[in-house]
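Q: Quick one: the structure is below, questions incoming.
Numbering (our numbering), first residue to last: 12 to 627.
This is the structure:
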């Protein structure tokens, strides 16, 4: 900044000054191109009036809602209204390496979970954070962009629970329909869809060092899509060096479609229901301060996500009888809305390692990287470093089904950005962050994260009040299962990492576990099983993969909210199409299967309302 505030003796005169300002203009234009205003359909909010009617109303322009609106508006005779509580996404969300920086901004609902007696005991405020995307694209604008469909058994389990045609053989066709895999040699994925997915191998030396260390432990094998266990450089929802969000992929690409009406800054409070016939006929929505009632001729589709979808249902009288009566909300349908909330739970395991395992950066190299990204959309800013290198392992038995997903991040010596931002994202208190930063001054650091693929513990969502726009209460209940299976599984993951640090491979690079103390765990010696169990309950964290709070299942399942066609039990004209319908969480990052649910749900609607429609 000094060069901008002080006079510069090396004054440029034409033609050198012309060349300099040409460069500046090119950089500015490239920066503006990250988030052009005309990328998305125009905001219809000023034209929307009370009493307007559409064929379909989609609530939420997130990972599922975006593709639902896309598919329904393919039918030219249908008027489709897409309501999004947030705005269009910022340019910041487009930069892959800035993945954690979108959290705790206006593009994030910034939810905080309720304090628990079983988890997050030493995090700031004794609470887990719950970032959720609040923009066109939903949480696909702030997630890690990792693209993993999940294990085939995940979907076969759904089908076995009475959800017809949700087995993997069926749903894989719907994945392939929206996928646009950029690797011409990989035929496992779709090639003609809207969502671009790409893959890269990190050039950081630590990536191959980790491969050798896992080989020493006997865990390493190449991951194949149909093979349950193994390590891989995962596909990413990145295209041309920028994030491929669901909003950009499914809404931005049809911005000129005349029968799709997109309204941003439009928060739905409740559904309009004919209570004598239990038919949903519209929504009540706040648009830039105006409360409007908008009607739907055919259906309302609730795609607001696993926190907001149950909230809207309960605000409308659809939910647990006792809870709604306690708040004075008239009961329309008694269903287990808000129950069955599931998430992947993890633990941050920090190690020191020799600085030679990462490629250090000088100031001039950083400037070169910035130039390379803004001018060519290439370089480290167009990736997420080694975070896309991950593993699926089973630490309990010989089953081919993984019980842990492993993540890795690396931090340069004296890292001024990534380490503090990640710690903020996990809500880690300053006294613990200070210990990590002190170790980081002269060493490289790594954060190793074991994540439970199939947690036993479940939480719930509840209303805070009868005010439709009040933030809901989120009870995580992590590590609350009666047999402590989740706790014991994470302990096994930590012990595996302890063995990893002691491999001959990592010993060569001076790997050591970062030692720290926790006030709640002072009676235990660092590194013992009792210490780790205590630490897991105190600084373990979630992975922002909330699903399951409007469970799919047959009518005889009293815990189910929607049927296998995603119609709300006992209510006509209403479907829930988002991650909240998952009966059980998938065993990897949840964004891809949520998009698939959107694809599948839109097909159900078309099949019901179009006599000539043929399924995939």
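Every residue gets a Cβ at the ideal spot worked out from N, C-alpha and C, and that includes glycine. Remember, predicted model here, so these are calculated numbers, not experimental data.
So, using beta-carbon positions, are residue 326 and residue 484 closer together than 8 Å?
A: Looking up residue 326 in the chain shown gives position 315. Looking up residue 484 in the chain shown gives position 473. No. Outside cutoff.
Q: Helix, strand or coil: how does DSSP classify residue 175 here?
A: Counted from its first residue, the chain shown places residue 175 at position 164. Looking at residue 175 - three-state DSSP - the assignment turns out to be coil, as it is neither helix nor strand.
Q: Could you check whether the Cβ of residue 418 sits closer than 7 Å to any heavy atom belonging to the ligand MG?
A: Questions concerning the ligand MG fall outside what the structure shown contains, since it holds no ligand whatsoever.
Q: Would residue 670 pass as a contact of residue 306 if the rule is Cβ separation under 8 Å?
A: Any answer about residue 670 is impossible in this case: the structure gives the chain only from 12 up to 627.
Q: Using the DSSP secondary-structure output, state which residues sit across from residue 233 in a beta bridge.
A: The sequence position of residue 233 within the chain shown is 222, counting from 1. Its beta-bridge partners are 242.
Q: Using DSSP with H/G/I as helix, E/B as strand and the rest coil, what is residue 275?
A: Reading the chain shown from its first residue, position 264 is the one you call residue 275. Three-state DSSP puts residue 275 in coil, outside helix and strand.
Q: Among 310, 615 and 412, which one has its Cα closest to the Cα of residue 167?
A: What you label residue 167 is simply residue 156 of the chain shown in a count that begins at 1. Residue 412 is the option with its Cα nearest to residue 167.
Q: Counting pairs of beta carbons, one from the region 281-300 and one from the region 122-133, are three or more of them closer than 8 Å?
A: These segments do not touch.
Q: Using the Cβ count rule (16 or more neighbours within 10 Å means buried), how would you classify residue 387?
A: Taking the chain shown and counting its residues from 1, the one referred to as residue 387 is at position 376. It counts as exposed.
Q: Skipping 5 residues on each side, what residues in its chain have a beta carbon closer than 7 Å to that of residue 143?
A: On the chain shown, residue 143 is found 132 positions in, with the first residue counted as 1. So the qualifying residues of the chain are 119, 120, 122, 150, 316 and 318.
Q: So, is residue 453 buried or exposed, given that buried needs 16 or more other C-beta atoms within 10 angstroms?
A: As a position in the chain shown, residue 453 is number 442, starting the count at 1. Burial call: exposed.
Q: Can you check whether the CB of residue 415 is closer than 8 Å to the CB of residue 500?
A: Taking the chain shown and counting its residues from 1, the one referred to as residue 500 is at position 489. Taking the chain shown and counting its residues from 1, the one referred to as residue 415 is at position 404. Taking 8 Å as the Cβ cut-off, residue 500 and residue 415 qualify as a contacting pair.
Q: Here's the rule: buried if 16 or more other CB atoms are within 10 angstroms of the residue's CB, otherwise exposed. What is residue 566?
A: Against the chain shown, residue 566 aligns to sequence position 555. Under this definition residue 566 is an exposed residue.
Q: How many whole angstroms separate the CB atoms of residue 249 and residue 287, which I take to be in contact at a CB cut-off of 8 Å?
A: Walking along the chain shown from the start, residue 249 turns up at place 238. Walking along the chain shown from the start, residue 287 turns up at place 276. The pair is not a contact, with the Cβ atoms about 51 Å apart (cut-off 8 Å).
Q: Applying the 10 Å Cβ sphere with the 16-neighbour rule, what's the burial state of residue 570?
A: For the purposes of this step, residue 570 is taken as the residue at position 559 of the chain shown. By the 10 Å Cβ count, residue 570 comes out exposed.
Q: How many Å lie between residue 77 and residue 518 at the Cα?
A: Numbered from 1 along the chain shown, position 66 holds the residue referred to as residue 77. Numbered from 1 along the chain shown, position 507 holds the residue referred to as residue 518. Roughly 48 Å between the two C-alpha positions.
Q: Using the rule of at least 16 other Cβ atoms within 10 Å of the residue's Cβ for burial, across every protein chain shown, is residue 245 buried or exposed?
A: Within the chain shown, residue 245 is the residue found at index 234, counting from 1. The residue is buried, with at least 16 neighbouring Cβ atoms inside 10 Å.
Q: Assign residue 525 to one of three DSSP states: helix, strand, or coil.
A: Position 514 of the chain shown holds residue 525. DSSP places residue 525 in coil when its eight states are reduced to three.
Q: Pull up the distance between the alpha-carbon of residue 400 and that of residue 459, whole angstroms please.
A: Here residue 400 refers to the residue found at position 389 when the chain shown is read from its first residue. Here residue 459 refers to the residue found at position 448 when the chain shown is read from its first residue. Going by the C-alpha atoms only, they are around 11 Å apart.
Q: Mind reading off the beta-carbon distance from residue 432 to residue 525? Whole number of angstroms is fine, and I expect it under 8 Å.
A: As a working mapping, residue 432 is identified with position 421 in the chain shown. As a working mapping, residue 525 is identified with position 514 in the chain shown. Actually they do not touch by this definition, with Cβ atoms about 18 Å apart.
Q: Quick one, are the C-beta atoms of residue 71 and residue 589 less than 8 Å apart?
A: Position 60 of the chain shown, counted from the first residue, corresponds to residue 71. Position 578 of the chain shown, counted from the first residue, corresponds to residue 589. Yes; because the gap between Cβ atoms is below 8 Å, this pair is in contact.
Q: In chain order, what residues of the same chain have a beta carbon less than 8 Å from the beta carbon of residue 158, not counting five sequence neighbours either side?
A: What you label residue 158 is simply residue 147 of the chain shown in a count that begins at 1. Once the five neighbours on either side are set aside, the close Cβ partners of residue 158 are 208, 245, 246, 247, 248, 600, 602 and 603.
Q: From the DSSP secondary-structure annotation, give me the bridge partner or partners of residue 446.
A: Position 435 of the chain shown holds residue 446. Paired residues: none, contrary to the question.
Q: DSSP beta-bridge partners for residue 98?
A: Here the question's residue 98 lines up with position 87 in the chain shown. 146, per the DSSP bridge assignment.
Q: Would you mind listing the alpha helix (DSSP H) stretches within the region 193-235 that are 4+ residues and don't spill past its ends, in chain order?
A: Entirely contained in the region 193-235, the alpha helix (DSSP H) runs reaching 4 residues are, in chain order, 216-228.
Q: Can you give the beta carbon distance from residue 632 to residue 522, rounded, assuming they're within the 8 Å contact cut?
A: With the chain represented from 12 up to 627, any question about residue 632 goes unanswered, as that position is not in the structure.
Q: At the level of alpha carbons, what is the spacing between residue 629 and residue 164?
A: Look at the range of the chain in this structure, 12 to 627, and you will see that residue 629 is not part of it.
Q: According to DSSP, which residues form a beta bridge with residue 123?
A: Start at 1 with the first residue of the chain shown, and residue 123 comes out as number 112. Its beta-bridge partners are 140.
Q: Go to residue 64, then tell me how far its beta strand (DSSP E) extends in each direction, as first and last residue.
A: Start at 1 with the first residue of the chain shown, and residue 64 comes out as number 53. Note, residue 64: beta strand (DSSP E), 64-70.
Q: Taking all protein chains shown into account, do 16 or more other C-beta atoms lie within 10 angstroms of the C-beta of residue 14, making it buried, or fewer, making it exposed?
A: As a first step, residue 14 is located in the chain shown; it is residue number 3 there, counting from the start. Summary for residue 14: the model assigns pLDDT 43, below 50, so the residue's position carries little reliability, and this model does not support an answer.
Q: Helix, strand or coil for residue 550? Go by DSSP, reduced to three states.
A: Indexing the chain shown from 1 puts residue 550 at position 539. Note: residue 550 maps to helix in three-state DSSP.
Q: Closest to residue 383 by C-alpha separation, out of 492, 444 and 251, would be which residue?
A: For the purposes of this step, residue 383 is taken as the residue at position 372 of the chain shown. Cα-wise, what sits closest to residue 383 is 251.
Q: With a CB to CB cut of under 6 Å and the five nearest residues on each side skipped, what residues in its chain are close to residue 303?
A: Locating residue 303 in the chain shown gives position 292, where the first residue counts as 1. Excluding sequence neighbours, residue 303 sits near 61 and 296.
Q: Have a look at the DSSP bridge pairing and note the partners of residue 419.
A: Here residue 419 is taken as the residue at index 408 of the chain shown, counted from 1. In DSSP, residue 419 forms a bridge with 459.
Q: For residue 609, is the classification buried or exposed, using 16 other Cβ atoms within 10 angstroms of its Cβ as the cut-off for buried?
A: Within the chain shown, residue 609 is the residue found at index 598, counting from 1. Buried, by the Cβ-count rule.
Q: What are the residues that DSSP puts in a beta bridge with residue 325?
A: Position 314 of the chain shown, counted from the start, is the residue given in the question as residue 325. Residue 325 pairs with nothing; no bridge assigned.
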